[in-house]
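In our numbering, the protein residues as written are 6 to 236. C-beta: ideal position from N, C-alpha, C; glycine also. Below you'll find the structure, written out as structure tokens, and then a few comments.
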Amino acid sequence: MSATQKIAVHSLSDLKNTTDDALPNYLHSLKFKQLHTQTDVRLVFGYTAVIIAGALFYFDWKFGWEASKPYTLPAVVAYFLLNGAFTYWLWFVENGVVYEGEGKTGKVRISSSTKKHIPIYECDVIFTPTPYGSNPQQKLHIRAPMTRWFTSDGYFIAKPFQQWLASEVPVIGAADPNNVIEEIGRGSGGEGGLPTSLNLNSSNAVEILEQLKASGAKVASGGGGQRRRKA
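Okay, here's the thing in structure tokens:
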């Protein structure tokens, strides 16, 4: 499936923004529910600072400088503290987060980034497989050239992007085993030894992902000796 909107392939920001937008769409299709806790905290910082500034302005306009003077310094200090907290939260807590959500296979948080003039999509992924009580949080870093899912004339192709995520992130691969691939093959649910039910946990997350990839290779080498194309 390809996106209908064409972008400029030489614009790194367009490539990244389009990819960022596709990520939550894909995870929502796998029944992941997006969590907005961090966004809500950022909005609280921002709106509270704006309310303080607006209230001080109104008080000064309504009652004059002498009446508002005792409140000006505390309000200004509070405003700058809130803006400082807002900036810290945006750059060091959220830090490029494009998706945080939860599905049947676990929780996942994905932050994306690119380097100047380099069309490589990089993601820092934090995930916790279910059940949460017995599985610790895990981290990984994944990267891929965006030419993998953009055509030369600027159209986004969803399938290779989905295959990349499913093949690299265990909780996504467990939720969408049909899209798990390896270099020469593509996974296909219920074929070639591919597990039809997955019991994902912290000790076997990577192992299951490798099994899914291997199963894709078996399917690729079977079926009348036809060679599968690279995904």
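Runs of alpha helix (DSSP H) lying entirely within the stretch 39-120, each at least 4 residues, in chain order: 42-68, 70-93
Cα-Cα separation between N140 and A27, rounded to whole angstroms: 28 Å
Spatially closest choice to I131 from S116, T44, A60, by CA coordinates: S116
K144 - containing beta strand (DSSP E), residue span: 143-150
Outcome for T237 when other beta-carbon atoms lying within 10 angstroms are tallied against a minimum of 16: Absent from the structure is residue 237, since the part of the chain shown begins at 6 and ends at 236.
Range of the contiguous alpha helix (DSSP H) that encloses I177: 175-180
Buried or exposed (CB count within 10 angstroms, at least 16 for buried), I56: exposed
Beta-carbon proximity check, Y93 vs G111, cutoff 9 Å: no
Stretch-stretch touch, CB-based, cutoff 8 Å, three pairs: the stretch 14-32 with the stretch 54-71: no
Pair within 9 Å by beta-carbon distance, F155 and L20: yes
Residue of D158, L145, D45 minimising C-alpha distance to V113: L145
Rounded straight-line distance, which links the Cα of P134 to that of L170: 16 Å
Simplified DSSP state of D158, which is helix, strand or coil: coil
Option nearest K38 by Cα separation, candidates Y84, F97, Q168, A180: A180
Chain-order list of residues whose beta-carbon lies under 6 Å from that of L87 (same chain, five-residue window excluded): F50, T53, A54
Alpha-carbon to alpha-carbon, T119 and H33: 24 Å
Reduced DSSP secondary structure (H/G/I, E/B, other) of T24: helix
Buried versus exposed, by CB contacts within 10 Å (16 or more), G178: buried
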